[in-house]
Structures are given as structure tokens and as C-alpha cells.
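Notes for the one structure printed next.
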Amino acid sequence: MPWLCRDCFETGPSEDGVTDLCPDCGSARVISHKELNTLSIAHIDCDAFYATVEMRDDPSLKGKPVLVGGKGGRGVIMAASYEARKFGCRSAMPMFKARKLCPQAIIVRPNMAKYSVVGREVRKLMHDTTPLVEPISIDEAFLDLSGTEKLHGGAPAHTLARLADRVENEVGITVTVGLSHNKFLAKIASDLDKPRGFSVVGRSETLGFLDTLPVSKLWGVGKALQRKLHADGFHEIGSLRACSEEFLVERYGSIGSRLSRFSYGNDNRRVDPKGNRKSISSESTFFNDIRSADELIKRLWPLSEKVAARAKAAELSGRVITVKFKTDRFLIRTRRRTLTDPTQLAEVIWRTGADLVKKEARGTAYRLIGIGISDFSPADHADPPDLGNPDGERIKVVEQTIDNVRARFGTDAIKKGRGLKPEKNDRTSRPPAR
Amino acid sequence: MKFTIDRGALLKALTHVQSVVERRNTIPILSNVLMRADDGAVELSATDMDIAVVEKVSADVSQQGATTVPAHTLFDIVRKLEDGSQIELGGGSEEGQMAMRSGRSTLKLATLASEDFPAMTDDDMPHSFTLEAAALRALIDRTRFAISTEETRYYLNGIYLHAAESDEGGAVLRAVATDGHRLARMEIPVPAGAEGIPGVIVPRKTVNELRKLIDEAEDDIAVMMSDTKIRFAMDGIVLSSKLIDGTFPDYDRVIPEANDKFLEVSCNRFERAVDLVSTISTEKSRAIKLSLGANSLVLSATSPDAGSATEELEVEYDDGDLEIGFNSKYLIDITQQIQGDKARFALSDAASPTLVKDLEDENALYVLMPMRV
């Protein structure tokens, strides 16, 4: 079975099965896998990114439970070091809860500017190995290394091990690599062995592997769908193979066809360096169906804020606003409007969306509403001064101020009045990726 | 109903009224024109429920009455009939049809009952004044290019007409339009009776229909308005329209007052240079760059696909170097409104609104937002 040492990069075939220790340097960080030299799609994820960067810059934090996030009573964890995770701290957890779980944790305020610099450094090293890098966020990306064997003088696995090593030495943070034959499996693989890990899922073991994984690991399966799948008796991904694609589509809607494909480990999406991101959107399923326009518009606000936050993080702005409705009969309607200028402001996204909602809320009961932006431009083209809106600059400044407060103290630290009292039982999620 | 009418007179009236009729209608009768024959005249009406145009033309009425027929069809027929001919309409035909005879041609058109034709309610119009046709044309021409088409901000989809105090003092009637990128403001001395009018937003379609109607008008135009409707009356034609129910933004706050860099250009040469250089700018942004130095203006555009272009103009300018980008289409739209030879730009910096004035017409003012280049 082919093997690769992640410390000295020695490789070799081995007749007698799995290699545990590197015969060359004695390291235990050896990967041994039948298909090691034939897989080329990777997902690379930085380990506890924000926390790791803080530990890099302040060595006194090393080995300690570190939480990055707002310190205030309403702050939220943005990243937790692996030491803090042992106490049950997770990202997106309210800070007060984390403090109860782990009173000795050291809390560090986030420094987004620094993280984005570090994220770019990592991305640059990725680009040194292949042009086919598809960033998913600041700290993770897909890489397609097929055809790079001659260039780098080794199989993709070898190149990836060297890349992980370079990131450690040159940037000073650690990453985990998932290697497989498609994006879906590579992403799942990178989650198996964190931190500083390297996991391989080969073609021959794909089905057996999926038989053990819970359906919640599937892309696009949120809490609600997970509940529904469990209720229908689907717990492991593999169990979905018992049903036809037609059945899954009929029962779960368009996502059913993806459930079916993924249950067989099939995923034909390419690694697209331009990012397959053509839109940013957010949607919410209601606890009870809603007919009233006012109520729908109210629900649109937190979603608009999410979309705006993600657009700002991705340094994008969109000219087309799309509102998505799902009726009580599961019919999906979308309504879109093109703006004169691209925007990344929650206020503009929401106002445009509200106008579209008014036209659709005429008695129909809706179970879901979503809003998104598309037709992207760079962020610096967004929201130019507007002669038709003398208050436009003020709106922009207010939103920037809110963003700054949130960056320091967490998303819940400040809210617009219209965002108060959200329904607790609603599920908010990203819509399934296409 | 039966009457005989001169083809030329009917064609002219139909040209006026049929233009408000939408090409596609979900309510069939809105495709029709209402004809009401009465005492030596025929009244033609057309509406889209927001605008109604009514025109009276003299005709030889032998039988009073009213009916409606498809407006565009009738217009096409009358257009194709021989010039100078007489047309006989109505009379002696079956229910649901109207006969037309002219020379040897006979046509029959499907009708819909005149009682079903929607009448625009005759509201009380508390304000009224008269305007010279030329003044009304100027108010429209100087501003309508800047009307927004953005649906969300419906209150920008028209010309804001209101009484105001001019910058130099003195009461004026003002027209303002903006799409967020450019703003146009035109004013005339306030006509008697218009001093106390409410600020109203006249929809784009109304503005365009009105402009066609007054294209050759020489007489004064009577204007009547309420908070929700406006009516314009001129030689036998009455155009009534709903107003946009919204609040026009406080535009005064976006008109820069402290811009201290002044550029004077000859409109013709400037427009030609902008037009030439913009050929290279990208279809999407149409951006061109203006680089100002002592008595020199360099216009330039580059596009990764098309190449690059520059042109230098001699201009009157002496307020320090400045680089600023504009949408070339917007620049041309504005310079085309300038009636005199020269335009005067008052600039501040590359991110702030620029003021443009016609050196020969103090009544018009334009504001243009720069863009990144």
C-alpha cells in the first residue's frame, strides 16, 4: 500500500499493508492508503483559524483554552482553540455560556483585518501549487491538483503534505487536509482528523464510509431537514440509497436529487477558481405559515442583515435582489429586481425586498421566505452617493457603525428596532448550494 | 351614431389620443378609443386608467351617439386611407360593429359598448394657471432625461413640479428630476395662480405624452391640479393624469454650493470629444476620465478588451490639477440640454457631486455624480 511521511515527505510502496512509522525518519505522521497516489481533489481547512492566529502572535496563549469573540455579555464565540473545545466551547456559542463551561478560558477580541491578511497568505501558498483553488471562506478552500504530478514531482498527496508544511513554517498556523475524488467527500474528509490532520477517502471505500456518517454531515441538510430525515428513518447517509432519487425528490423537494447523488458518493461539481458563487442568500422557514405582508417584511430584516454581512465579508456587492417564497403548498416563487447600483447594505437589500414582498403577500400563506443578491461587482463599486437619497450617506454610516460595534462585541450587541423579538422557533439557514 | 369627417382631422386627433393606449391590455376596452358624436363635433377619448386624453374635432354629425373601437386598428386604417378623403363612420351596421366608408373602401370594426368605457372622474381641481407652451416645453426638455426608471423608488419616476424661491430670490415654478446619478432642475418665473400649488410628481408617461401634444403648440396651456391629479388643456385637447403618490426627496441638500474648481468648455467640442473617447469605454460602465490641468482637459478611456483613447481640449480652467470620472452618457445627456455655446462645471473632488450650468441660461442647473475610474 502506498505511503507518505508528512514530516520528511518520503514516499514508498509497501508490500505488507499499512505502514505505521516512517522507515526513514521514524515519524508516526504517515498516511497509508491504497489510492493515495490517484486522488487529486482536496479540501484544506485552517484549524481553529482565528484562535490559532492569536496563539501564533502571543505564544503565552499556546496550549491554553483561547476563545476569540466579543467580551461583552452578549458576545459570541467566533473561534475556540482545541483546548477550549475540550470543555465544550464551540463557535457561535454565546460567550457567557462558554465562560460557564470554561471559566479559565482566555478571551481575545477578534481582529478581522489581521485574519484577512493571514488568510490571503495561506491562499497565496495554495496558488503556488495549483491555479485551481476555489476559496469557500477566509480559512478554507477546495484545490484540484490533477495533472500537477510532473510539475511538483509527486502525487497530489505529496504536494498537499508539502503545502501543509509550508503553511506551518511560513505562515505559522496549522491546516487539515481532506483528500478524495470529489469536493463533497474531500470536505467531509477534512473534518475527520483535526487539527493538523490529513484524511483520505478513496473510491473503493466511499460507500462503506458513507454508511457510517450521519445525514447531518451532508451539505444542505440543516436542522429541519435533519429532523425530517430522522423521522423518516434516515440516520446514516448510506441509508438514503434504499430509496430512488424520484422518491427523495418527491418527499424532500429539489434537494432530494442531491441527497441521492451524495448517498452514492457522487458529486460532479468542479473546483472553480472564480468561485461558483453567483449569489449570496439567506432564508428562513417559519414555525407557523405567514400571510401578512408586514410580518413577512419583518422576517426579511434579519435575513437581509445576514446577506449584507456575508457580502461585506466576501468584498462583493450585488445589483440584483431576489426574494424567494415557499407557499404552504411548497410552491416556490422568486421575484427579482435590478438596482441602478450594486449594494451590500442590509438597509437597501431589505427595502427592495420589502417592496417585492408587498406585491406577493396577497393572502397566500407562506412557509418560507428568503432574500439574496446576485450580479456581483467589487465592493468598492457598491452604494455610491445617491442624488435621489439625501439621507443615503447617513444610512451607510449608520450601517458601518453597527458593523463595527458587532465586530467588537458580537452580532447581538446592537440591533435595529425592527430586528427585535424574532420568533424563537424559526430556522434560519443558508439555502442549499446549487 | 353616424358622422362624416375629414381624414386629415381624424388622423391628427387619433395620433394624439391613441398614443396613451397600451399595446397590451388585460382589460379589453382599454385598447379602444371612445368616439362620441354630438352637435357638429366628435370627441375622441383614450385612457390607460392613469392618463386620459380627450380631443374634440369638428365633423358633420348626422346621428348622435357613441361607441368604442380598437384604437390602434382605427389609427392604422385612417393612416392608410387617401389624404384629403372624407370618411363616414357608423350607421346602418349590425350590433357590435361599426362601419367605415371612404371612397370605395368599406371596413367594419368590432365595437365595445361606450357605457363600459372608464371615465376619469372629474375631480375638483383647486389650482389653475396658464403657461406659455414654450415655457412648458423648456421645463420638460431640460429635466426629463434625468427621470429614474427604478421601480423601487417610484417617487423618482416623474418630474417634480412645484413653486419655490429661486436662488437669486423671486418666486419660480420649478421642475426637478433625478435618477440618483444626475439631477436636473429647471425653473421659470412663477405664473399667476401657481404660487400656492402643492408639490406634485408628474409621471414619466404623462410627461412624454404631454410633450408630444405640445410639440407644435403656440398658444398658452391651461394647467389645473389637485393633490392627486393634473390636467393640461390646449386647442381642443385635454390630458388628465394621476400624479405619483409619494414624496420627492429634499433635493436642495444634494446640490453642491461650495464647489470651487471652475471649468468652462465649449459644448460642441466637449460633446464630440466625450462621444469619441467613450467609444472605447466598457459597455457596462461607460466610464471616461477627465484630467484637468491649467487650461487643459484630457479625456481618456481604457478598456481591457477594446484598447484606449485620449483627447485633449483647450479649456478655461485654472484651479489646480484634478482627475475625475464620469459616465459618458450622462455627460452627453447634460451637455445636450445646454442651449448656449458654453457649459460651466463647478467641481470639488473625484468623489463629490459636480454642478453644471448653462452660461446662457441661468434657469437650468444640473448635478452629476462622478464615478470611479
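For the protein sequence lines, the chains are R and G, in the order given.
Okay, so the first sequence: first residue is 1 according to our numbering, each after it adds one.
Okay, so the second sequence: first residue is 1 according to our numbering, each after it adds one.
Cβ atoms here follow ideal geometry from the backbone N, Cα and C, with glycine treated the same way.
Item checked: Minimum Cβ-Cβ distance from residue 94(R) to chain G less than 8 Å -> no
Checklist line | Minimum C-alpha distance to residue 120(R) - residue among 49(R), 147(R) and 66(R) | finding: 49(R)
Notebook entry, point to check: Where residue 358(G) and residue 343(G) are concerned, what is the direct C-alpha to C-alpha distance, given to the nearest angstrom?
Noted result: 5 Å
Note to self: 8 Å is my cut-off, CB to CB: does residue 148(G) come that close to chain R?
What the structure shows: yes
Next item on the list: Please list the residues of the region 165-187 of chain G that have a C-beta atom closer than 9 Å to any C-beta atom in chain R, keeping them in chain order.
Entry: 178, 179, 180, 181, 182 and 183
Notebook entry, point to check: Is the distance from the Cβ of residue 221(G) to the Cβ of residue 202(G) below 8 Å?
Noted result: no
Notebook entry, point to check: DSSP on residue 11(R), reduced to helix/strand/coil?
Noted result: Residue 11(R) falls in the strand class under three-state DSSP.
Notebook entry, point to check: Of all the CB atoms in chain R, is at least one closer than 8 Å to the CB of residue 151(G)?
Noted result: yes
Notebook entry, point to check: Can you give the Cα-Cα distance for residue 102(G) and residue 76(G), rounded to whole angstroms?
Noted result: A straight line joining the alpha-carbon of residue 102(G) with that of residue 76(G) spans about 14 Å.
Notebook entry, point to check: Between 258(R), 93(R) and 310(R), which lies nearest to residue 244(R) when the distance is taken from Cα to Cα?
Noted result: The candidate whose alpha carbon is nearest that of residue 244(R) is 258(R).
Next item on the list: Could you spell out where the alpha helix (DSSP H) holding residue 116(R) opens and where it closes?
Entry: 112-129
Item checked: C-beta atoms of residue 157(R) and residue 339(R) nearer than 8 Å -> no
Next item on the list: Look up residue 237(G) in the DSSP assignment and give the residues it is bridged to.
Entry: 55(G) and 234(G)
Checklist line | Any C-beta of chain G under 8 Å from that of residue 383(R) | finding: no
Note to self: Counting C-beta neighbours from all protein chains within 10 Å, is the total for residue 43(G) 16 or more, i.e. buried, or is it exposed?
What the structure shows: buried
Next item on the list: Using three-state DSSP, classify residue 400(R) as helix, strand or coil.
Entry: Correct three-state label for residue 400(R): helix.
Margin query: Which residue marks the beginning of the beta strand (DSSP E) containing residue 332(R), and which one marks its end?
Written below: 332-343
Item checked: DSSP three-state assignment for residue 26(G), whether helix, strand or coil -> coil
Next item on the list: Would you please verify whether the beta carbon of residue 368(R) is less than 8 Å from any beta carbon of chain G?
Entry: No, its Cβ sits nowhere closer than 8 Å to a Cβ of chain G.
Check: Leaving out five residues before and five after residue 135(G) in sequence, what residues of the same chain have Cβ atoms less than 7 Å from its Cβ?
Finding: Cβ-Cβ distances below 7 Å link residue 135(G) to 188 in the same chain, with the five nearest sequence neighbours on each side left out; the list follows chain order.
Item checked: Exposure label - residue 68(R); buried when at least 16 CB within 10 Å -> buried
Notebook entry, point to check: Who are the neighbours of residue 208(R) on chain G, taking C-beta pairs under 8 Å?
Noted result: Ordered by position in chain G, no residue passes the 8 Å Cβ test against residue 208(R), which lies about 50 Å from the chain.
Margin query: Quick test of the definition: if touching needs 3 or more C-beta pairs under 8 Å, does the region 289-302 of chain R touch the region 165-177 of chain R?
Written below: no
Next item on the list: Reducing DSSP to helix, strand and coil, say where residue 314(R) ends up.
Entry: coil
Margin query: At the level of alpha carbons, what is the spacing between residue 56(G) and residue 127(G)?
Written below: The straight-line gap from Cα to Cα measures roughly 24 Å.
Checklist line | Per-residue DSSP class, three states only, for residue 288(R) | finding: Here residue 288(R) sits in strand by DSSP.
Next item on the list: Taking residue 286(R) as the reference, give the member of 369(R), 248(R) and 10(R) with the closest Cα.
Entry: 369(R)
Next item on the list: Would you mind sorting residue 250(R) into buried or exposed? The rule is 16 or more other CB atoms within 10 Å of its CB.
Entry: exposed
Notebook entry, point to check: Hey, out of 286(G), 264(G), 279(G) and 190(G), whose CA is closest to residue 293(G)'s CA?
Noted result: With distances taken between Cα atoms, residue 293(G) lies closest to 264(G).
Next item on the list: Drop a sphere of 10 angstroms on the beta-carbon of residue 331(R), count the other beta-carbons inside from all chains shown, and report buried for 16 or more, exposed for fewer.
Entry: exposed
Margin query: Just to confirm my understanding: we take residue 357(R), look at its own chain, exclude 5 residues before and 5 after, and list those with CB closer than 7 Å. What are they?
Written below: 293, 296, 297, 300 and 323
Notebook entry, point to check: Would you say residue 12(R) faces chain G, with C-beta separation under 8 Å as the test?
Noted result: no
Note to self: Is it the case that the region 177-186 of chain G contacts the region 263-277 of chain G, given that we only count it when at least three CB pairs across the two stretches are under 8 Å?
What the structure shows: No contact exists between the region 263-277 of chain G and the region 177-186 of chain G.
Next item on the list: Starting from residue 97(G), follow its DSSP beta bridges and name the residues at the other end.
Entry: 110(G)
Margin query: Residues of chain G with CB closer than 7 Å to the CB of residue 85(R), please, in chain order.
Written below: Chain G residues near residue 85(R): none, gap ~44 Å exceeds 7 Å.
Item checked: Bridge-paired residues (DSSP) for residue 187(G) -> In DSSP, residue 187(G) forms a bridge with 174(G).
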